[in-house]
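Beneath this line is the structure, given in C-alpha cells, with notes to follow.
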Amino acid sequence: MLKQLMNTTLAAGFAVIACTAQAENYPAPVPLQDGAQAPIDAITPTNETLRIAYMPPATEFNYYIAIGEGIKAVAAEEGVEVFMLAPQSGADINGQMGMIQDVLTQDVDAIIFGTHDEFAAAPLLKQAVDKGMAVLMINSDIPNFPTPIHGVVGYSQRNGTHNIADWAIETYGDNPLKVGIIEGQPGYHSTERVGGFLDGIEGNENFEVVVSIDGKWNVEGGNTAGMDILQSHPDLDMIFAANDYMIIGASFAAKALGRRDIVLLGNDGDTSGLEEIAAGNITATVNTSPFLMGKAAMHATIDALNGSYPGGWIETPTSIEDKDGAISVLQEPEKLFPQPSKEY
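Positions 90 to 433 (this note's numbering) are the ones given, in order, by the sequence shown.
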C-alpha cells in the first residue's frame with residue numbers, strides 16, 4: 090500500500106494539534122490575505138436553534154453529498170438545523186445564484202457554500218455577510234475570495250495534485266511518457282488542480298503533455314474527453330483528470346478502445362473512484378476525505394456563530410491512494426458517502 094500524506098502538519102489527520110482553536114475538530118486556521126477576512130464579531134445569529142444553509146455547486150457530484158453528510162453528522166450532534174440547496178448541474182451558475190438570493194430572504198444564520206464561479210457569487214455573499222450571516226467556503230483553499238468572507242475549509246488543491254505528479258514520476262518516470270490532461274470547467278478549482286500537476290512534472294524530460302481539454306467535471310464529459318484524447322493520440326501513456334468523475338469517464342473510453350495499459354490518475358477520493366481503483370480500472374487518486382472536510386466545516390461554522398472561530402483557512406488532509414490504499418479507505422465505510430457497493 091502506498092500511503093503518502095501530503096502535508097506533514099496533518100500527518101495524523103484530525104488528531105490533536107498544538108495551538109488550535111478547537112483542536113479536536115479542526116487544525117489551526119491559516120490567516121486569509123489582507124482584506125479577505127470578514128470580521129467574526131460582526132456575525133449576528135438570530136435563531137435560538139441555529140439554522141445553516143449548505144449550498145454546494147451541484148447535486149450531481151456525490152463528492153458534495155459526502156461533504157454534506159459530514160455537515161449533517163455534526164449538526165445532529167450539536168442540535169443545529171441544516172438544509173442543502175443546490176442546482177442539479179455544476180454548470181448551472183445562474184441556478185445557484187438564484188438559490189443564494191432566495192436564502193438571503195430567509196431566516197438563516199450561516200451559509201456554507203461551494204461554487205464554480207466565485208465572481209458571480211461574490212456580490213450575493215457580500216449581502217449575506219452584511220446581513221450578519223456567517224459565510225464559509227467549502228472544498229477550497231482560495232486565500233482571497235473576491236469579497237471578504239469568514240472562512241475557507243478545504244485541502245491544498247495545488248499541493249495535492251503536485252504530489253500525485255510526484256508519485257507518478259516515482260512510479261513511472263523511468264520511461265518517456267505522453268500525457269493527456271482532462272481539465273474541469275474553467276475556474277479556480279480547475280486552474281489549481283491542473284496547475285499543481287503541471288508544476289509537479291515540470292522539468293522532467295520523460296513527461297510530455299500532448300493534449301489538455303475540458304471534461305466538464307462529470308463522467309459523461311470525462312468519457313467524451315477521454316475518447317477524443319485517446320483517438321487523437323493513440324500512443325498516449327497517461328491521463329490525469331482534475332476530479333474522479335472525469336477519470337472514471339476516461340476509464341470507460343480506455344476500456345472501449347481496448348487500452349488497458351493507460352495510467353489513469355484522478356483527484357477527490359470519491360467512493361466510486363476508490364472502488365474503480367480497487368477494481369483495477371483506475372490507477373490512483375488524491376484522496377481528500379470529503380466527509381471529514383464537511384465535519385470540519387460545520388464545526389468551524391458553529392464556532393463562528395459562537396464567536397470562537399478566529400477566521401481563516403482550515404486545511405484538511407489528503408493522501409495518494411493506489412489499489413491497496415483505496416481498499417484500506419473503503420474498509421472504513423463510516424467515513425464515506427455513498428457507502429461502498431460491497432464490504433472490503
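Heads up, the beta-carbon is just placed ideally off N, CA and C, and yes, glycines get one too.
Which same chain residues, not among the five before or five after Glu432, have their C-beta less than 6 Å away from its C-beta? If the five residues before and after Glu432 are omitted, its C-beta is found closer than 6 Å to no C-beta atom of its own chain.
Tell me whether Pro146 is buried or exposed, calling it buried when 16 or more other Cβ atoms sit within 10 Å of its Cβ. So Pro146 counts as buried.
Quick check on the DSSP output: the alpha helix (DSSP H) that includes Gly56 runs from which residue to which? Nothing can be reported for residue 56, as the shown portion of the chain is limited to 90 through 433.
On the three-state DSSP scale, how would you describe Lys215? In the structure shown, Lys215 sits in a helix (DSSP, three-state: H, G or I).
Quick check on DSSP: helix, strand or coil for Lys267? Lys267 falls in the strand class under three-state DSSP.
So who's on the other strand from Ile201, going by DSSP bridges? DSSP links Ile201 through a beta bridge to Tyr143 and Leu225.
On the DSSP bridge assignment, give the partners of Ser378 in chain order. Note: Ser378 sits in no beta bridge, so no partner.
List the whole-angstrom C-beta distance separating Glu207 from Tyr277, where the pair is believed to meet the contact cut-off of C-beta under 8 Å. By a beta-carbon distance limit of 8 Å, Glu207 contacts Tyr277. Their separation comes to about 6 Å.
Return yes when the Cβ of Asp326 is within less than 8 Å of the Cβ of Lys412, no when it is not. Note that the C-beta distance between Lys412 and Asp326 is not below 8 Å.
Below 7 Å CB to CB, which residues in the same chain sit around Met316 once its five sequence neighbours on both sides are set aside? Around Met316, the same chain offers Ala342 as residues with beta carbons nearer than 7 Å, after the five sequence neighbours per side are excluded.
Straight-line CA distance for Ala175 to Gly184? Take the alpha-carbon of Ala175 and the one of Gly184: they are about 8 Å apart.
Spatial neighbours of Glu484 in its chain, beta-carbon cut-off 7 Å, leaving aside the 5 residues before and after: Since the displayed the chain opens at 90 and closes at 433, residue 484 lies outside it and no answer follows.
Could you pull out every residue in the same chain whose Cβ sits closer than 8 Å to the Cβ of Ala386, ignoring the five residues on either side in sequence? Within the same chain, Cβ atoms closer than 8 Å to the Cβ of Ala386 are found at Ile156, Gly159, Ile160, Ile201, Leu225, Ile227, Val242 and Ile403, the five residues on either side in sequence being excluded.
Residues bridged to Gln126 by DSSP? Gln126 is bridged by DSSP to Ile238.
Cβ-based burial, Asn151 [other Cβ within 10 Å; buried from 16]: The residue is buried, with at least 16 neighbouring Cβ atoms inside 10 Å.
Which listed residue (Ala199, Pro235, Ile271 and Asp230) has its alpha carbon closest to that of Ala223: Of Ala199, Pro235, Ile271 and Asp230, the residue nearest in Cα terms is Ala199.
Would you say the beta carbon of Gly168 is closer than 7 Å to some non-hydrogen atom of the ligand HEM? This structure lacks the ligand HEM, and indeed carries no ligand of any kind.
Cβ atoms of Gly400 and Gly378: under 8 Å apart, would you say? Checking the sequence, you will find Ser at residue 378 rather than Gly. No, they are not a contact pair.
Extent of the continuous beta strand (DSSP E) to which Ile302 belongs: First-last of the beta strand (DSSP E) with Ile302: Phe296 to Asp303.
For Thr204, which residues from the same chain have a beta carbon less than 7 Å from its beta carbon, with the 5 sequence-adjacent residues on both sides left out? Hits under 7 Å: Pro146, Gln185 and Ala210.
Take Ala110 and list the residues in its own chain whose beta-carbon comes closer than 8 Å to its own, dropping the five residues that flank it on each side. With a pLDDT of only 42 at Ala110, under 50, the local geometry of the prediction cannot be trusted, and the value read off the model is given with reservation. Excluding positions up to five away in sequence, the list reads Ala117, Pro118, Asp392, Ser397, Tyr398 and Pro399.
Give every residue of the same chain whose Cβ lies closer than 8 Å to the Cβ of Leu419, excluding the five residues on either side of it in the sequence, and list them in chain order. Scanning its chain for C-beta atoms nearer than 8 Å, with the 5 sequence neighbours on each side dropped, one finds around Leu419 the residues Thr360, Leu363, Glu364, Ala367, Leu425, Pro429 and Tyr433, in chain order.
Give me whichever residues DSSP pairs with Ile356 in a beta bridge. Just to set this straight, residue 356 is Asn in the shown sequence, not Ile. In DSSP, Asn356 forms a bridge with Val375.
Which one of Leu319, Ala389 and Gly273 has the shortest CA to CA distance from Asp350? Minimum Cα distance to Asp350 is reached at Leu319.
Quick check: Pro232 and Gln122, are their CB atoms within less than 8 Å of each other? Their beta carbons are under 8 Å apart, which means Pro232 touches Gln122 by this criterion.
Rank Ala345, Gly187, Phe329 and Asn395 by C-alpha distance to the C-alpha of Thr372 and give the top, closest one. Of Ala345, Gly187, Phe329 and Asn395, the residue nearest in Cα terms is Phe329.
What does the Cβ neighbour count give for Gly179, buried or exposed, with the cut at 16 atoms within 10 Å? For Gly179, the number of other beta carbons within 10 angstroms of its own is at least 16, and it is reported as buried.
Let me make sure I understand the geometry here. Which of Thr405, Trp306 and Leu287 has the alpha-carbon closest to that of Val300? Distances from the CA of Val300 to each of Thr405, Trp306 and Leu287 were compared; the closest alpha carbon is that of Leu287.
For the beta strand (DSSP E) containing Phe172, list its first residue and its last residue. Per DSSP, Phe172 belongs to the beta strand (DSSP E) from Glu170 to Met173.
Give a yes or no on whether the C-beta atoms belonging to Trp306 and Tyr261 are separated by under 8 Å. For Trp306 and Tyr261, no; Cβs fall outside 8 Å.
Ile416 and Asn252 closer than 8 Å at C-beta: No; because the gap between Cβ atoms is not below 8 Å, this pair is not in contact.
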